[in-house]
Amino acid sequence: MLTLGIESSCDETGVSIVEDGWRVRSSVVASQNDLHAEYRGVVPELAGRAHVRSILPVLRTALREADATLNDVGLVAVGHRPGLIGSLLVGLTAAKAIAWSMGLPIVGVDHVHAHLYSPLLDLTEHERPAYPAIGLVVSGGHTSIYRLESPVVLTRLGATIDDAIGEAYDKAATLLDLPFPGGPNLDRLAAEPGANDRAHDLPISRLSPTSLDFSFSGLKTATMLAVRGDPQAGSDPRTADRLTHEERRDIAASFQRAAVRAVLIKLERAFDATPCRSLLVGGGVSANTRLRAELLRLGQDRGIDVRLPPMRYCIDNAAMIAGLGHAMYASGRGDDLTLEPTPTTAC
Ligand code: KG4
Ligand code: ZN
1432 MLTLGIESSC
1442 DETGVSIVED
1452 GWRVRSSVVA
1462 SQNDLHAEYR
1472 GVVPELAGRA
1482 HVRSILPVLR
1492 TALREADATL
1502 NDVGLVAVGH
1512 RPGLIGSLLV
1522 GLTAAKAIAW
1532 SMGLPIVGVD
1542 HVHAHLYSPL
1552 LDLTEHERPA
1562 YPAIGLVVSG
1572 GHTSIYRLES
1582 PVVLTRLGAT
1592 IDDAIGEAYD
1602 KAATLLDLPF
1612 PGGPNLDRLA
1622 AEPGANDRAH
1632 DLPISRLSPT
1642 SLDFSFSGLK
1652 TATMLAVRGD
1662 PQAGSDPRTA
1672 DRLTHEERRD
1682 IAASFQRAAV
1692 RAVLIKLERA
1702 FDATPCRSLL
1712 VGGGVSANTR
1722 LRAELLRLGQ
1732 DRGIDVRLPP
1742 MRYCIDNAAM
1752 IAGLGHAMYA
1762 SGRGDDLTLE
1772 PTPTTAC
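Heads up, the sequence shown is in the working numbering, so the first residue is 1432 and it goes up one at a time.
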């Protein structure tokens, strides 16, 4: 069966056709990066309007690339939470219109949950990871750890109490005067040869000894102080343009070391507390080079099968929505045309 997936929660318009919940026939994403670059962040009103312009061209391209028409589709899956309301509404309205006019079932998918489906895409049944699994979502809006009994059934074990890791990356990148989107640019700077990730002793949040929650606000503030200089020293605060390239690179590397270490500490605790066979990772920050390398190393040390999404499925995409939507529908879940957009996750 073909599932048509639609994703429009933030600043990426995605449409995908996925066969039987795993074989990605097409996954088309229209990014709005250029639109938001001058503001160094997503402007909700601009995002919603851009989705309106993109949704039908992206839909047509996804169908063409999948060599399919709407008549071949058996299920419509749509990311209906969490996200920007104006953005969610565009994808949801398109999904409802298609479901209603074609007489198709519709299933609403939680975007955060769907990120944990991204490492499963393109895998046959016997290539899939074993459950129970630990799930790690590291994105622009969320930083959470879950226990998964199956791709569909999950329980949250911990989440950030303030900023998401991607938000901290983007803020640190802005402080370092790096272009939008900040995360990948900071990652690149930190990975330059010669970067000293011990140049600044930035805080690694641990919270209470057994906590599986995260906190990134202290790291953000400490990075700001590393850029601006010591306020006690009496000199005027610096901006990134007063720093040498090497100084900026070393702050980026020190930030990255602390951010990644904070994630690894909580995962080690999760592995200690909850027996699991696999680790599934998703969300935009799962594209981070250092995080990927350290997660694979941790998996080797612990004998846990670590599944990272391929780069094309790290960023927001509709294939993960279609894949999870199919699995949810197969397990008896479904919605109707009263489905509403919701700003917060239920996971
Ligand atoms: O999952 P995503 O595309 O959107 C949300 O659901 O939030 O994640 C976007 C986040 C942004 O904060 C972006 O800067 C970050 O993912 N990101 C990265 C990298 N690539 C994307 N952060 C660090 N290193 C990267 N390579
Ligand atoms: Zn996302």
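The beta carbon of each residue, even a glycine, is placed where N, CA and C say it ideally should be.
Computed from a predicted model, the values in this text were never measured in an experiment.
Nearest-angstrom Cα distance between I1635 and T1574?
Residue mapping note: residue 1635 aligns to position 204 of the sequence shown, counting from 1. Residue mapping note: residue 1574 aligns to position 143 of the sequence shown, counting from 1. Per the coordinates, the alpha-carbon of I1635 lies some 15 Å from the alpha-carbon of T1574.
What three-state label does DSSP hand F1611 in the structure shown?
Locating residue 1611 in the sequence shown gives position 180, counting from the first residue. The answer is coil: DSSP assigns F1611 none of H, G, I, E or B.
Could you check whether the Cβ of P1612 sits closer than 7 Å to any heavy atom belonging to ligand 1?
Residue mapping note: residue 1612 aligns to position 181 of the sequence shown, counting from 1. Yes; taking the cut-off as 7 Å, the Cβ of P1612 has a heavy atom of ligand 1 nearer than that.
Going by C-alpha distance, which of Y1562, E1438, V1449 is nearest L1501?
Taking the first residue of the sequence shown as position 1, residue 1501 is located at position 70. Closest option to L1501, judged by alpha-carbon separation, among Y1562, E1438, V1449: V1449.
Could you please go through the chain and list the residues whose beta-carbon is closer than 5 Å to any non-hydrogen atom of ligand 2?
Matched residues: S1570, D1747.
Rounded to whole angstroms, how far is the Cβ of C1745 from the Cβ of P1563, which I believe are closer than 8 Å?
On the sequence shown, residue 1745 is found 314 positions in, with the first residue counted as 1. On the sequence shown, residue 1563 is found 132 positions in, with the first residue counted as 1. C1745 to P1563, Cβ: 23 Å. No contact.
Among the residues of its own chain, which have a CB less than 6 Å from the CB of S1485, if the five just before and after it don't count?
Here residue 1485 corresponds to residue number 54 of the sequence shown, with the count starting at 1. Excluding positions up to five away in sequence, the list reads T1444, A1461.
For A1438, verify whether its CB is less than 7 Å away from any heavy atom of ligand 1.
Position 7 of the sequence shown, counted from the first residue, corresponds to residue 1438. Looking at the sequence shown, residue 1438 is not Ala but Glu. No.
Please classify L1620: is it buried, with 16 or more other beta-carbons within 10 angstroms of its beta-carbon, or exposed?
Sequence index remark: in the sequence shown, residue 1620 carries index 189 (1-based). With at least 16 other beta carbons inside 10 angstroms of its own, L1620 counts as buried.
Kindly list the residues whose CB is nearer than 6 Å to the CB of H1418, restricted to its own chain and excluding five residues on each side of it in sequence; keep chain order.
There is simply no residue 1418 to check, as the chain begins at 1432 and stops at 1778 in what is shown.
Just to check, is the beta-carbon of C1441 closer than 7 Å to a non-hydrogen atom of ligand 1?
In the sequence shown, residue 1441 corresponds to position 10, counting from 1. The answer is yes for C1441.
Stretch-stretch touch, CB-based, cutoff 8 Å, three pairs: the stretch 1502–1522 with the stretch 1769–1778:
The stretch 1769–1778 and the stretch 1502–1522 touch, with three or more beta-carbon pairs separated by less than 8 Å.
In this structure, what does DSSP give as the bridge partners for F1645?
By one-based count along the sequence shown, residue 1645 stands at place 214. Its beta-bridge partners are T1591.
Below 8 Å between beta carbons: does that hold for T1605 and R1471?
Within the sequence shown, the letter at position 174 stands for residue 1605. Within the sequence shown, the letter at position 40 stands for residue 1471. Cβ distance < 8 Å, so T1605 and R1471 count as in contact.
Using DSSP with H/G/I as helix, E/B as strand and the rest coil, what is V1489?
What you label residue 1489 is simply residue 58 of the sequence shown in a count that begins at 1. Looking at V1489 - three-state DSSP - the assignment turns out to be helix.
For the stretch 1731–1741 against the stretch 1541–1553, do three or more pairs of beta-carbon atoms, one drawn from each stretch, fall closer than 8 Å, so that the two count as touching?
Yes, they touch.
Count the C-beta pairs between the stretch 1701–1721 and the stretch 1535–1551 that are closer than 8 Å, then say yes if the count reaches three, no if not.
Counting Cβ pairs under 8 Å, three or more are found: they touch.
Could you check if Q1463 is buried or exposed, using at least 16 other CB atoms within 10 Å of its CB as the buried criterion?
By one-based count along the sequence shown, residue 1463 stands at place 32. The residue in question, Q1463, is buried, as its Cβ has 16 or more Cβ neighbours within 10 Å.
Residue range of the unbroken beta strand (DSSP E) whose run includes H1511:
Position 80 of the sequence shown holds residue 1511. Unbroken beta strand (DSSP E) run through H1511: 1504–1512.
Using the beta-carbon count (16 or more within 10 Å), is D1628 buried or exposed?
Numbered from its first residue, the sequence shown carries residue 1628 at position 197. Buried, since its Cβ has 16 or more Cβ neighbours within 10 Å.
Would you identify the three-state DSSP class for I1576, choosing helix, strand or coil?
Working through the sequence shown from its first residue, we reach residue 1576 at position 145. Here DSSP, grouped into helix, strand and coil, assigns I1576 to strand.
Is there at least one non-hydrogen atom of ligand 1 closer than 7 Å to the beta-carbon of G1566?
For the purposes of this step, residue 1566 is identified with residue 135 of the sequence shown, where counting begins at 1. Answer for G1566: no, Cβ out of range of ligand 1.
Given a cut-off of 8 Å, decide if K1527 and I1537 are closer than it, judged by their beta-carbon atoms.
To locate residue 1537, count along the sequence shown from 1; it is residue 106. To locate residue 1527, count along the sequence shown from 1; it is residue 96. Yes, the Cβ-Cβ distance between I1537 and K1527 is below 8 Å.
Per DSSP, cross-strand counterpart(s) of L1435
The residue you call residue 1435 lines up with position 4 of the sequence shown. Per DSSP, the beta bridge partners of L1435 are I1448, V1507.
Tell me whether S1762 sits in a helix, a strand or coil according to DSSP, three-state version.
Mapped onto the sequence shown, residue 1762 falls at position 331. Looking at S1762 - three-state DSSP - the assignment turns out to be coil, as it is neither helix nor strand.
Is the separation between the beta-carbon of H1467 and that of V1521 shorter than 8 Å?
Taking the first residue of the sequence shown as position 1, residue 1467 is located at position 36. Taking the first residue of the sequence shown as position 1, residue 1521 is located at position 90. The Cβ atoms of H1467 and V1521 lie no closer than 8 Å to each other.
Ignore the nearest five residues each way along the sequence and tell me which others in L1698's own chain have a CB closer than 8 Å to its CB.
Taking the sequence shown and counting its residues from 1, the one referred to as residue 1698 is at position 267. Cβ neighbours of L1698 within its own chain (closer than 8 Å, five residues either side excluded): I1565, L1567, I1576, L1710, L1726, L1729.
Per-residue burial, R1491 [other beta carbons within 10 Å of its own, 16 or more giving buried]:
Along the sequence shown, one-based indexing puts residue 1491 at 60. Exposed, by the Cβ-count rule.
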